[in-house]
Each structure stands twice: as C-alpha cells, then as structure tokens.
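As given, the protein sequences belong to chains E and G, one line each in that order. Heads up, the first sequence is in my numbering, so the first residue is 2 and it goes up one at a time. Heads up, the second sequence is in my numbering, so the first residue is 2 and it goes up one at a time. Even glycine gets a Cβ: it sits at the ideal position worked out from N, Cα and C. First the structure, in the form of structure tokens, and then the observations on it.
There are 2 protein chains.
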Amino acid sequence: MSTAKLTIDLTALADNWRALDRLSESETGAVVKADGYGLGVAQVGKALAMAGARKFFVAQAEEGLALRRALGHGPEINVFSGHMAGDAELIRSADLIPMINSTDQLLRQVETLPGHVFGIQLDSGMNRLGMEPAEWAALRDIALAQRPPLVMSHLACADEPEHPMNAAQLQSFCDMTQGIDAPRSLAATGGILLGPAYHFDVTRPGIGLYGGLPFADAQTVVTLDLPVIQTRTVAAGETIGYGNTWTAQAETQVATVSGGYADGLLRAMGNASDAAFYHGDIRLPILGRVSMDLITVDVSSLSEPPESLRLLGDAQGVDTLADWAGTIGYEILTSLGARFERIYRS
Amino acid sequence: MSTAKLTIDLTALADNWRALDRLSESETGAVVKADGYGLGVAQVGKALAMAGARKFFVAQAEEGLALRRALGHGPEINVFSGHMAGDAELIRSADLIPMINSTDQLLRQVETLPGHVFGIQLDSGMNRLGMEPAEWAALRDIALAQRPPLVMSHLACADEPEHPMNAAQLQSFCDMTQGIDAPRSLAATGGILLGPAYHFDVTRPGIGLYGGLPFADAQTVVTLDLPVIQTRTVAAGETIGYGNTWTAQAETQVATVSGGYADGLLRAMGNASDAAFYHGDIRLPILGRVSMDLITVDVSSLSEPPESLRLLGDAQGVDTLADWAGTIGYEILTSLGARFERIYRS
C-alpha cells in the first residue's frame, strides 16, 4: 500500500463544536462547505448533528444535496451562493435554504419556487457576496414579508481582532438589520472570538471545528501518515530531487515517502527551511522539492528505517504546514488529497 | 448551478501524444498518475490507448487498478512506487508491473508473487526512487534473469536543457545498464525534448500530454469556466475580500465567481498583480484574495454582467496560473478540484 492514511478524529471535531458553542451567546451552526473542509461532508455532518448542530452551511446547492443525503430530514441546510440559475429543483428536492444575494436571485427564487423558504445575505463591506445597502433598502419589506429564517453577513477581517473593519462591518450590519424580526448571523469562527456583540442569533463556525486558527484552543482533528517507499544513504556532495535544490553536507539517510502535491501537500512547502515530518517525537526535515507523488525526508536521526512518517498530527497541525507554504490552514485542509485513505475515529 | 465547468479536450490530448510520439525515437508510453494529472484516469487512459499508447505509468498500485478497469486487458501498466507491503494481490489481480526500487521490494516481489513480471527502477542521481548503483550491481544478474520488460530511471533537471545534471544522469544510466538486453527508459516529456540520446527504448511523456511546459508546442487540453454568482458596483475607496487587500481607486464593477482554493485554484494566485480571468478576448483582473469558494473579478470593461468567466483556456493555460502562484503547471493540473463538472470532448 502506497496509500497515505488521513485519520479524522470525529470526537475532537464534536468537542471543538461544543467548545465554540459554549463561547457563542446564540445558537451555534456549523459550516461544512468544500466537502466538510476536505474531510468528508457526510461523516463530518453526521458527527456535528450528533453533537447538537441544527443549522448547517454549504457553499453550493450541490453540496447541500450531498449533506441532505447524509443527514436526512430535519437539520436546516443553508447555501451561501444562494439561488443560481438551474438550482430550483435541487433546492426544492433537497429542502435547502438559499441565502439570497441579489435582486436577480430573489426574482429567480420567487418565480421558480414560490413559497419556498429562503434567507438573505447582506454585504456589510466585504464586497464579495450579498445585497448592497441600497438594494436591500428597496427589497427589505418584500423579503421580510416572507419571514426568512436567517439574515446574515460575513466579516472580512475577523482573524485580526484589532482591525477597524470589524467594527465598521458590525455597524453596517446593525444599520441594515435594525428592527427586523428575522434571526441574524454575522460571526464565523473569528467572529465568535471577537465577543458577544458579534454573535446575534446564530453563529457559523467553520475552520475552528476542524482544528485551525484563529481558534487556538482547538483540538487536533487531522492526522496524516505517509508510507515510506524506500530509504537510501546519500553521500556528502550528492543532490536530492528536482532541480538539485538540496545538497548533502554530510552522509545522510533519506526516506522517500508516498505523497506529494497531487495530494494537496503544497509544493511551496518544499521551499521552507523548517518543513519537517515526525516519527514519534523526532523531527525529520524535508529535503529538496515536493514532487507530484513523493517527498524526501532526512531520517538520519532514526535508529532504523521507518515504515511511515507523520506530516500532520498533535506535533504539527495545518497552520504549521500553512506557514511553510505561505498560506492559511484553511487551504491545507481543503487541499488534502483524494488518494488518501480516510479513517474516521469516533 | 454554482458548479464550474472543466472541459477536457481528449482530441488535443491524443494530438499531444502523437506529437511527442513523433519526437520519440522509440516506443512512446504515457504517464497517467495522480488520476491522469487530475483530469480523470479512465477517460484520459482510454483516449491515449486509442491514440496508440501501450505502456502506461502510474504512481501507486491503487491507481493501476483504476486504470486497468478502464483499459481492460492488454496495455501494460507500470507502477513507479514498485511493490509496497500489502500490494501483492492488487498487483496480481490487476496485472500490474511494479518498478522494483530496492532490495526489500525485490524480496517482497519474489516471495509473494513468484514468476510475476516486474520492472526495475534505478537511481541515476536524483536520490528519490530506485536502486543505487552498488545495490544494482549486487542484484543485477538475479533481476535480469527474470527478463524484466523495462529498466528505467528518472531525470531531475530535464526542464533545464543546459543543466549538467542531465548529462551526468545519462552517463550514470548508461553505466548501470550497459550490455543488458532489457528495454530501457529514461525520458519523460523534458527528456524527450533533450534529444534522441535520452530516448532509449521507451519514453514516458506526462505533463506534455496535458498541455504543460516544457512542451511549448502542446495544444490546450483544459478549459475552466466559473459561473458568476452576482455583480456589484464598488465605489472608490471601498475594499474587497478578506484582509481588505484591494481598494478601489475608482468606481468598479465587480463579479463574484463560484470557485476558490478549495477547488485547487491556489490562494497564492491572489497575490499576483497580473492574475486575471477572460470573457471572450477581454482580460479581467482578479481583485483581492482568493477565498475558499469565491473569487472577485473586475468586470468594468464588459458592457453587461457576464454569466461565467474563463480562467483556463487558449488565452491562458496552466503555466500562466502557475507563474502567478509561484509554482509549475503540474501542480495547477493535479490540484483542479473535485467540485468541478468534468466535460470530455472528443
């Protein structure tokens, strides 16, 4: 088996949801878009529903269908991209709640699915999804007459608590929703950590559930072990991998593991001088470039050739890999590859 | 439908194979690892078999099984990672040819699958996969007595024709294989372009088939169109997206498209000042950061709101996106996401 093992701790996932639920002065939902942040929407969704989540969020209607099949009837499934052309039958049959983003989407909704429930997404300043203030002012009475179960917006800078954008968006959201009866939602993980003023009626944690920053207290959800294909002795002066980017300064024991950028282990990691695997407590530096299917690792400090090496786990998490690759933990998670064997622990 | 459309031109793929076949002074195989470089191993494998390929290469035995199911009996399927512990039944039932990388793998092969065909992978200097010269010297007679259908190695710097590593690896490979009867293979796409001295008996093009560098004459295989969720007018001074990294200098029409780094559209692209989509012939700059499921684009130069925007196609290919993200076309291809609808043209 050259298949790497991605172990997903559903107990830790549920514990992270409960911890964020305790921090939320409101109902706590769960964001499971992008296939449950790459971990499998069916298993992740069921574990979160068991923990108590009743409001789920996905990016696309197609994802909502996959989640509905896993969860069955009952939990609410909200779709951030709203009602796209051609989505009516999907929204109806999977009982989804589109977050209506524009006048066009509202017209599409009432024309194709009259009487079907919908929510509203407002733009409070991020300029990415949702109705603008003027658009909302024109449609507000019509939309609210349909008793939407959620009116929401999204923060652009919630992972920087001191950023003035947070207060500006909060003010904008309050201005746009003042006096309405519908439940309101503004906060994802970062927004929960900003404090109760951001919580309103529903919070929508995503990354924190999966063990990523900005929720520093999250438990580790993901462990990734890559099998070793072979080990070799590399003499001083020899090079390793594409482009000869690494040269041995002394005799080095090198393990080649099965896994690479085709598995979402970003190639940019190979440029970081501190990128490493673990074997037990022993840190083992990555040598040279990350290939499509292979990574080479310095195992000189081990007493015998290892059978597998750990890239993600308690010793280093998704945010550490993200630092090496110049990105964020979210991208590490959602990139984790299709070739991995996924093992669920609960 | 917020699902993006990934169109894969199987005719262009087959034409690229034929073009590389004309350049090869030998039999031309095809590398279809990592799910056919992310494009679907079944469809890609069948199209290449129709074009005339008879020797296929995958990274892992599990990939070999998927390919065998698509191709049926006949074509050879070679596995670069060789014979890993637990692979025997898979190798036997799918009729795979493991490229044996080490003494350990050779012992595993002859113990668990006596008489089953295997090839040999040699390390000619990349120090990643394959037997070292001393190991090979000790095993050579035993291995060659089994009449391996292929003895191969891999070049570390073939995309840099002037790199002295190429000649060094060629010399090493010649030294290690001098006088043997078994067919030999050293060149992937880059090696084919280095010229006939590198071709031996079998070439193994990969990236060039899929339209990527270093095969500059490749036809475009991949087209990617992302649906527009909504468009909005952003006033001068307003910001867009996470971290407020982009500020409008003048009133700007902004489209939000469905697709992001969870679809393998690398987040690093968002830092490139020249990253863009296309609508027909009109180039449309990306604004701000790439989100998990969304990208924002300046559509001010269009006369009306577009329904979809093109990220990959004839106007810009995988190597252009790779430049923006500081990587190579290979990573762009193999990252292309699971949420896309894949449409095959032939």
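If you measure between the beta carbons of residue 32 (chain E) and residue 206 (chain E), is that distance less than 9 Å? Locating residue 32 (chain E) in the first sequence gives position 31, where the first residue counts as 1. Locating residue 206 (chain E) in the first sequence gives position 205, where the first residue counts as 1. A Cβ-Cβ contact shorter than 9 Å links residue 32 (chain E) with residue 206 (chain E).
Check whether the region 321-341 of chain G and the region 118-128 of chain E touch, using three or more Cβ-Cβ pairs below 8 Å as the test. With a cut-off of 8 Å, the region 118-128 of chain E and the region 321-341 of chain G do not count as touching, because too few Cβ pairs lie within range.
Can you give me the Cβ contacts of residue 214 (chain G) inside the same chain, cut-off strictly under 8 Å, excluding the 5 residues immediately before and after it? Taking the second sequence and counting its residues from 1, the one referred to as residue 214 (chain G) is at position 213. The answer, listed in chain order, is 160, 208, 320, 329 and 330.
Give a yes or no on contact between the region 268-287 of chain G and the region 301-319 of chain G, applying the rule of three or more CB pairs nearer than 8 Å. Cβ pair count under 8 Å is three or more, so yes.
So residue 80 (chain G) and residue 59 (chain G) are supposed to be a Cβ contact under 8 Å. How far apart are they, rounded? To locate residue 80 (chain G), count along the second sequence from 1; it is residue 79. To locate residue 59 (chain G), count along the second sequence from 1; it is residue 58. Confirmed, Cβ separation roughly 6 Å.
Residue 211 (chain E) versus residue 16 (chain E): straight-line alpha-carbon distance, rounded: Indexing the first sequence from 1 puts residue 211 (chain E) at position 210. Indexing the first sequence from 1 puts residue 16 (chain E) at position 15. Residue 211 (chain E) and residue 16 (chain E): Cα-Cα distance of roughly 10 Å.
Spell out whether any CB of chain E is found under 9 Å from the CB atom of residue 79 (chain G). Residue mapping note: residue 79 (chain G) aligns to position 78 of the second sequence, counting from 1. No, residue 79 (chain G) does not count as interfacial toward chain E.
Compare the C-beta of residue 61 (chain G) with all C-beta atoms of chain E and state if any pair is closer than 9 Å. Mapped onto the second sequence, residue 61 (chain G) falls at position 60. True, the Cβ-Cβ gap to chain E drops below 9 Å.
Residues in the same chain with beta-carbon distance under 6 Å from residue 325 (chain E), minus the five sequence neighbours each way, listed in chain order, please. The sequence position of residue 325 (chain E) within the first sequence is 324, counting from 1. Excluding five sequence positions before and after residue 325 (chain E), the CB atoms of its chain that fall closer than 6 Å to its own CB belong to 270, 273 and 276, given in chain order.
Quick check on this structure: which residue in G:154, G:172, G:125 and G:197 has the alpha carbon closest to the alpha carbon of residue 239 (chain E)? Residue numbering aside, residue 239 (chain E) sits at position 238 when the first sequence is read from its first letter. Ranking G:154, G:172, G:125 and G:197 by Cα distance to residue 239 (chain E) puts G:125 first.
Give the residues from the region 218-231 of chain E that approach chain G closer than 7 Å (Cβ to any Cβ), ordered along the chain. Answer in chain order: 228, 230 and 231.
On the DSSP letters alone, give me the boundaries of the beta strand (DSSP E) that residue 228 (chain E) sits inside. Here residue 228 (chain E) is taken as the residue at index 227 of the first sequence, counted from 1. Segment 223-235, the beta strand (DSSP E) holding residue 228 (chain E).
Which residue's Cα is closest to the Cα of residue 38 (chain E): E:50, E:64, E:55 and E:28? The count along the first sequence starts at 1 and reaches residue 38 (chain E) at position 37. The residue with the shortest Cα to Cα distance from residue 38 (chain E) is E:64.
Residues of chain E with a CB under 7 Å from the CB of residue 133 (chain G): which are they? For the purposes of this step, residue 133 (chain G) is identified with residue 132 of the second sequence, where counting begins at 1. By Cβ distance, chain E contributes 233.
Going by CA-CA distance only, name the one from G:291, G:193, G:167 and G:246 that's closest to residue 265 (chain G). Taking the first residue of the second sequence as 1, we reach residue 265 (chain G) at position 264. With respect to the C-alpha of residue 265 (chain G), the residue from G:291, G:193, G:167 and G:246 having the closest C-alpha is G:291.
Assign residue 306 (chain E) to buried or exposed, taking buried as 16 or more other Cβ atoms, counted over all protein chains shown, within 10 Å of its Cβ. Within the first sequence, the letter at position 305 stands for residue 306 (chain E). Sixteen is the threshold: since fewer than 16 other Cβ atoms of the shown chains lie within 10 Å of the Cβ of residue 306 (chain E), the residue is exposed.
Can you tell me whether residue 293 (chain E) is helix, strand or coil according to DSSP? Here residue 293 (chain E) refers to the residue found at position 292 of the first sequence. Residue state, collapsed to three classes: coil.
Cβ closer than 8 Å: which chain G residues qualify as neighbours of residue 34 (chain E)? Taking the first sequence and counting its residues from 1, one reaches residue 34 (chain E) at position 33. Near residue 34 (chain E) (Cβ distances below 8 Å), the residues of chain G are 263, 293 and 294.
Show which residues of chain E have a CB atom less than 7 Å away from the CB atom of residue 332 (chain G). Position 331 of the second sequence, counting from 1, holds the residue named residue 332 (chain G). Around residue 332 (chain G), the beta-carbon contacts reaching into chain E at under 7 Å are 262 and 268.
Counting only beta-carbon atoms, is residue 157 (chain G) nearer than 9 Å to chain E? What you label residue 157 (chain G) is simply residue 156 of the second sequence in a count that begins at 1. Under the 9 Å criterion on CB atoms, residue 157 (chain G) is classed as interfacial with respect to chain E.
Let me confirm a value: residue 127 (chain E) is counted as buried when at least 16 other C-beta atoms fall within 10 Å, else exposed. Which label applies? In the first sequence, residue 127 (chain E) corresponds to position 126, counting from 1. Buried, by the Cβ-count rule.
So residue 151 (chain E) packs on residue 183 (chain E), CB below 8 Å; how close in whole Å? To locate residue 151 (chain E), count along the first sequence from 1; it is residue 150. To locate residue 183 (chain E), count along the first sequence from 1; it is residue 182. Correct: roughly 7 Å between the Cβ atoms.
Residue interval of the alpha helix (DSSP H) (run including residue 270 (chain E)): Mapped onto the first sequence, residue 270 (chain E) falls at position 269. Note, residue 270 (chain E): premise wrong, no alpha helix (DSSP H); not H, not E.
What are the residues of the region 70-104 of chain E that lie near chain G, defined by any Cβ-Cβ distance shorter than 8 Å? Of all residues in the region 70-104 of chain E, only 81, 82, 83, 85, 86, 87, 88, 102 and 103 place a beta-carbon less than 8 Å from a beta-carbon of chain G.
Whole angstroms are fine: how far does the CA of residue 141 (chain E) sit from the CA of residue 202 (chain E)? Locating residue 202 (chain E) in the first sequence gives position 201, counting from the first residue. Locating residue 141 (chain E) in the first sequence gives position 140, counting from the first residue. Rounded to whole angstroms, the gap between the alpha carbons of residue 202 (chain E) and residue 141 (chain E) is 19 Å.
At a Cβ cut of 8 Å, what residues of the region 190-209 of chain E count as close to chain G, listed as they run along the chain? Of all residues in the region 190-209 of chain E, none has a C-beta nearer than 8 Å to a C-beta of chain G.
Is residue 3 (chain E) closer than 9 Å to residue 347 (chain E) when the C-beta atoms are compared? Translated into positions along the first sequence, residue 347 (chain E) becomes position 346. Translated into positions along the first sequence, residue 3 (chain E) becomes position 2. The Cβ atoms of residue 347 (chain E) and residue 3 (chain E) do not sit closer than 9 Å to each other.
Just mark residue 231 (chain G) as buried or exposed, buried being the case when its beta carbon has 16 or more other beta carbons within 10 Å. Here residue 231 (chain G) is taken as the residue at index 230 of the second sequence, counted from 1. Classification for residue 231 (chain G): buried.
Select from G:323, G:23, G:178 and G:167 the residue whose C-alpha is nearest the C-alpha of residue 243 (chain E). Position 242 of the first sequence holds residue 243 (chain E). That would be G:167, whose Cα lies nearest to the Cα of residue 243 (chain E).
Do you know offhand how far residue 294 (chain G)'s Cα is from residue 41 (chain G)'s? Sequence index remark: in the second sequence, residue 294 (chain G) carries index 293 (1-based). Sequence index remark: in the second sequence, residue 41 (chain G) carries index 40 (1-based). Taking the straight line joining both Cα atoms gives about 22 Å.
State the CB to CB distance for the pair residue 342 (chain E) and residue 228 (chain E), rounded to an integer number of angstroms; the pair is presumed to be in contact (CB under 8 Å). Position 341 of the first sequence, counted from the first residue, corresponds to residue 342 (chain E). Position 227 of the first sequence, counted from the first residue, corresponds to residue 228 (chain E). With 8 Å as the limit, residue 342 (chain E) and residue 228 (chain E) do not qualify as a contact, their Cβ atoms being about 10 Å apart.
Going by DSSP, what residues sit across from residue 109 (chain G) in a beta bridge? Sequence index remark: in the second sequence, residue 109 (chain G) carries index 108 (1-based). Partner residues in a beta bridge of residue 109 (chain G), as assigned by DSSP, do not exist.
Name the one or two DSSP bridge partners that residue 284 (chain G) has. As a position in the second sequence, residue 284 (chain G) is number 283, starting the count at 1. For residue 284 (chain G), which the question treats as bridged, DSSP gives the partners G:279.
Rounded Cβ spacing between residue 91 (chain E) and residue 71 (chain E) (contact assumed at less than 8 Å): Looking up residue 91 (chain E) in the first sequence gives position 90. Looking up residue 71 (chain E) in the first sequence gives position 70. Contact between residue 91 (chain E) and residue 71 (chain E) does not hold, since their C-beta atoms are separated by about 16 Å, which reaches or exceeds 8 Å.
Can you check whether the CB of residue 261 (chain E) is closer than 9 Å to the CB of residue 296 (chain E)? What you label residue 296 (chain E) is simply residue 295 of the first sequence in a count that begins at 1. What you label residue 261 (chain E) is simply residue 260 of the first sequence in a count that begins at 1. Yes, these two residues count as a Cβ contact at 9 Å.
Give me the chain G residues within the contact set of residue 321 (chain E), using Cβ-Cβ distance strictly less than 8 Å, ordered along the chain. Start at 1 with the first residue of the first sequence, and residue 321 (chain E) comes out as number 320. Within 8 Å of the CB of residue 321 (chain E), no CB atom of chain G is found; the nearest one sits about 17 Å away.
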